[in-house]
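Following: one structure in structure tokens, then a few remarks.
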Amino acid sequence: MMYSLPTEVQLDILKCLTFDQLFYFKQTNLHFLNLINKYGGELARMKFNALEIIECPQEININEFVKRVPEDFKFNLNGRLINKWKKALSESIQLFSNTFESHRKFVIEMEKLLDGNRPFCCLPALPNIPKNIEEMIILRCWLEKIFNYAFEYVYFNEIVFNPELINLLFDNDKTIPLQFNIQKCCLLAENNKLDDISKFTLNHLIISESLTFNFKQADITEKNINILFKILTNGRQRLPKVCLNSFNSVDLAKLYDLIIQCITTSDCSKMVPVIILNYISSSTFLLNKRSENIKIGTFDCGKIRFSFCNEEWIDNGILRIHVRIMKVEL
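Residues 2 to 331 (my numbering) make up the sequence shown, in order.
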């Protein structure tokens, strides 16, 4: 039997299978279910071109849609988890963290280009506030499916999945990686939701290329500057490149100062390798002298050098700043 082979040999065999083959293969027994879930990041995934959370179109009857649970979904619900879920239901914990009115309904739009570049859209219309255990099961089912997909581009427009509900639904299940696998991701962020966005970013996103934050408000609070700093200084394993755009605010200059201070005084081995800042300034930008050819001492990852490149230009009387910070491992 295959399961008598060493784990590394089993993985080599599984790597030869397509996503659909893996899906049916893991239904054969619990051993392969756990093995494929554990090493899912190394195996084939169904790939979508895009994902976005949008307001539910009027033609979709969300009350009918949420009653659907795929027949292939297998899940054992124990008494301890039922009690946790009942508590969550009594507290009306939302699936989506957003700034919109609570009565608005949303769907998850997943786009996939078929043969001949014909777009196919999958629209799981999920309840924002689940009302019963059955709806909690439906949410877990669909999130588990989405965690097993890969996406070229994802756009979160002032709305993300609520990390609190994700943790409740899966209850620290170590057999399921609770991350969205994304090539490029863009978030339109609001001040009052940045804490949830930070938890969602650091715990539930794996980005292979870049993550972009766009801020439309004129001010970014000091608390949120610190939240962004935490993302930048702890995101190396998941975020190869982070771009922060604030075309109406000068506040990202404070974030730049924190980055310089960290590089010159602290162990920054967990810092995101490429950081790009775009913001406006009320005065001519001067590159901090300490940022020139900075060397950091030897850590576990070896000597690290950071290069800084900045541009500034006048646009309709506004001084705009572009800063690029790159980590060079020697």
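Note that the Cβ used here is the ideal one computed from N, Cα and C, for glycine as well.
Leaving aside the five residues that flank I228 on each side, the residues in its chain whose CB is nearer than 7 Å to its CB run, in chain order, L195, D196 and S199.
By the beta-carbon neighbour count (other beta carbons within 10 angstroms, threshold 16), W86 is buried. With respect to L170, R141 sits close: the two C-beta atoms are nearer than 7 Å. Nearest to S93 by alpha-carbon distance, out of P128, F230 and G80, is P128. For L240, same chain residues with a beta-carbon under 8 Å away, outside a window of 5 residues either side, are T202, L206, I208, L212, I232 and V273 in chain order.
L206: member of the beta strand (DSSP E) spanning L206 to F216, first to last residue. Within the segment 75-162, the complete beta strand (DSSP E) runs of at least 3 residues fall at 97-99, 107-114, 120-123, 150-158 and 160-162. Across the set T222, L166 and M111, the C-alpha of M111 shows the shortest separation from the C-alpha of Y156. The three-state secondary structure of Q180, taken from DSSP, is coil. In this structure, DSSP gives K175 a state outside helix and strand, which the three-state scheme calls coil.
Annotation: E145 to I139 spans about 10 Å, alpha carbon to alpha carbon.
Nearest neighbour of F248 by Cα position, chosen from T265, W314 and R306, turns out to be W314. Annotation for L166: A89, I94, Q95, L96 and L140 place their beta carbon closer than 8 Å to its own, counting only its chain and skipping 5 residues before and after. Here the alpha carbon of P164 sits roughly 12 Å from the alpha carbon of D172. In this structure, the CA atom of S282 is about 16 Å from the CA atom of C310.
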